[in-house]
Ligand SMILES: O=C(O)CCC(=O)C(=O)O
Ligand SMILES: [Fe+2]
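Residue numbers (full-length UniProt numbering): 1 to 388.
What follows is the structure in structure tokens.
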């Protein structure tokens, strides 16, 4: 879940991590995975086991009888239509956002090679000793000890900033105590490209919805982008655990770069669909905030991440964080007889505060079941809902 955007939440996370480390609590997931591998133990510790609902049910909580559907997938869209057939591109993106809340885009202007290099460099970060990774302030080494996030059998770290902000370099550097020029440059360039892509996507979505094309995109420059690196170590017993629990993201949309290992699944019609890695593709997942801002016309996609026994997996989630003053209220143009207003007016700040409250409740929750419920958008947004 894209919860890292909010400085208050980040602060809370950091204080929780620090106190966990001070209390010298258990190994990180990365360490644990190594130890289990070396010792040949297949069982994972009891305290990590998830409940059945997490492992085998859909977002609605209805038990899923069938196996995940492997041979069907969310739409794959050629973004180069931007140059040749914008109308078709708008329609394809709009259809995907309405029906799946998710798609993969190809030929989006970020080269396959640069994405592969970024992934390769990012692996080096997670392969560093834990002590060194901990020097990076935003490193989260054990997502299971505090439950603000849906990330589970995973390590993560994040950077806030935009490609145009000068302080990005310093932040990236602090994650690499001895410095790493090529990684820093790659990340800075990737930030810039993501910023541009975010703007383009907002424009195309606005056109699909019949709004002024800059209705959403005009806010992009004044706000912040966050990239979260998610690393999922190989796991000796993947059937009892998840890399990320079933959840929706809370922001507008997430632009996700995944490596070629696979494991991401999206939920549709009560079933799970694999999002198969395609070289050069980026996954676009619609999140709760955009669902609200489009009066529910776009679907906030429930997704989760499976882990496997042989290979770690890595993904980079790029998330745009609106300014606190932004009004999430869906424009009147998106309200009619067929689409009554779904949510009460809300400002970004109120929305964030509500999310924080939910996350803190999740952190204090006593069981996996309660925790999982708190990670899903439909529940998170219920306080604002006018029509059910
Ligand atoms: O690793 C992935 O594919 C998904 C990560 C995710 O869901 C998230 O960062 O919110
Ligand atoms: Fe997510």
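Note that the Cβ used here is the ideal one computed from N, Cα and C, for glycine as well. All values reported here derive from a predicted model rather than from experimental measurement.
Reduced DSSP secondary structure (H/G/I, E/B, other) of residue i
{"i": "residue 61", "result": "Below a pLDDT of 50, predicted positions are generally treated as unreliable, and residue 61, at 43, falls in that range; the measurement from the model is reported next regardless. In this structure, residue 61 counts as coil in the three-state DSSP scheme."}
{"i": "residue 351", "result": "helix"}
{"i": "residue 184", "result": "helix"}
{"i": "residue 234", "result": "coil"}
{"i": "residue 157", "result": "strand"}
{"i": "residue 253", "result": "strand"}
{"i": "residue 29", "result": "helix"}
{"i": "residue 284", "result": "strand"}
{"i": "residue 104", "result": "strand"}
{"i": "residue 227", "result": "strand"}
{"i": "residue 291", "result": "helix"}
{"i": "residue 22", "result": "Residue placement at residue 22 is poorly supported in this model, since its pLDDT is 49, which falls under 50; the coordinates still yield a value, given next. Here residue 22 sits in helix by DSSP."}
{"i": "residue 304", "result": "strand"}
{"i": "residue 73", "result": "coil"}
{"i": "residue 211", "result": "coil"}
{"i": "residue 82", "result": "helix"}
{"i": "residue 192", "result": "helix"}
{"i": "residue 260", "result": "coil"}
{"i": "residue 55", "result": "helix"}
{"i": "residue 5", "result": "Only weak support exists for where residue 5 lies, its pLDDT of 44 falling under 50; the coordinates are left without a value."}
Residue i vs residue j beta-carbon contact at 8 Å
{"i": "residue 203", "j": "residue 182", "result": "no"}
{"i": "residue 240", "j": "residue 130", "result": "no"}
{"i": "residue 287", "j": "residue 231", "result": "no"}
{"i": "residue 152", "j": "residue 243", "result": "yes"}
{"i": "residue 97", "j": "residue 299", "result": "yes"}
{"i": "residue 211", "j": "residue 255", "result": "no"}
{"i": "residue 91", "j": "residue 208", "result": "yes"}
{"i": "residue 259", "j": "residue 238", "result": "no"}
{"i": "residue 281", "j": "residue 119", "result": "no"}
{"i": "residue 289", "j": "residue 315", "result": "no"}
{"i": "residue 224", "j": "residue 160", "result": "yes"}
{"i": "residue 384", "j": "residue 347", "result": "no"}
{"i": "residue 205", "j": "residue 94", "result": "yes"}
{"i": "residue 319", "j": "residue 226", "result": "yes"}
{"i": "residue 324", "j": "residue 349", "result": "yes"}
{"i": "residue 261", "j": "residue 311", "result": "yes"}
{"i": "residue 233", "j": "residue 30", "result": "yes"}
{"i": "residue 80", "j": "residue 285", "result": "no"}
{"i": "residue 236", "j": "residue 44", "result": "yes"}
{"i": "residue 107", "j": "residue 85", "result": "no"}
{"i": "residue 272", "j": "residue 122", "result": "no"}
{"i": "residue 109", "j": "residue 197", "result": "yes"}
Heavy atom of ligand 2 within 7 Å of residue i beta-carbon
{"i": "residue 259", "result": "no"}
{"i": "residue 274", "result": "no"}
{"i": "residue 300", "result": "no"}
{"i": "residue 254", "result": "yes"}
{"i": "residue 303", "result": "yes"}
For residue i, the nearest candidate out of the options (CA to CA)
{"i": "residue 354", "options": "243, 381, 342 and 312", "result": "381"}
{"i": "residue 302", "options": "150, 115, 50 and 81", "result": "150"}
{"i": "residue 294", "options": "327, 187, 221 and 107", "result": "327"}
{"i": "residue 125", "options": "50, 325 and 184", "result": "184"}
{"i": "residue 265", "options": "99, 257, 77 and 73", "result": "73"}
{"i": "residue 55", "options": "313, 357 and 304", "result": "304"}
{"i": "residue 115", "options": "190, 30, 135 and 307", "result": "190"}
{"i": "residue 322", "options": "221, 122 and 45", "result": "221"}
{"i": "residue 297", "options": "284, 340, 279 and 272", "result": "340"}
{"i": "residue 33", "options": "89, 192, 186 and 313", "result": "313"}
{"i": "residue 306", "options": "333, 111 and 50", "result": "50"}
{"i": "residue 99", "options": "267, 83, 337 and 154", "result": "267"}
{"i": "residue 112", "options": "257, 337 and 136", "result": "257"}
{"i": "residue 154", "options": "356, 245, 334 and 83", "result": "245"}
Check: residue i C-beta below 7 Å from any heavy atom of ligand 1
{"i": "residue 230", "result": "yes"}
{"i": "residue 249", "result": "yes"}
{"i": "residue 315", "result": "yes"}
{"i": "residue 244", "result": "yes"}
{"i": "residue 264", "result": "yes"}
Segment limits, alpha helix (DSSP H) that includes residue i
{"i": "residue 391", "result": "Examination of residue 391 is not possible in this model, given that the chain is present from 1 through 388 alone."}
{"i": "residue 324", "result": "Premise fails: residue 324 is in no alpha helix (DSSP H) and is neither H nor E."}
{"i": "residue 126", "result": "112 to 126"}
{"i": "residue 95", "result": "86 to 99"}
{"i": "residue 133", "result": "130 to 133"}
Residue interval of the beta strand (DSSP E) (run including residue i)
{"i": "residue 315", "result": "313 to 321"}
{"i": "residue 265", "result": "264 to 268"}
{"i": "residue 222", "result": "Unbroken run through residue 222: none, as it is neither H nor E."}
{"i": "residue 384", "result": "No beta strand (DSSP E) holds residue 384; DSSP gives it neither H nor E."}
{"i": "residue 247", "result": "244 to 247"}
{"i": "residue 341", "result": "That residue, residue 341, is in no beta strand (DSSP E); it is neither H nor E in DSSP."}
{"i": "residue 273", "result": "271 to 274"}
Cutoff 8 Å: residue i Cβ touching any chain B Cβ
{"i": "residue 42", "result": "No chain B appears in this structure, which consists of one protein chain only."}
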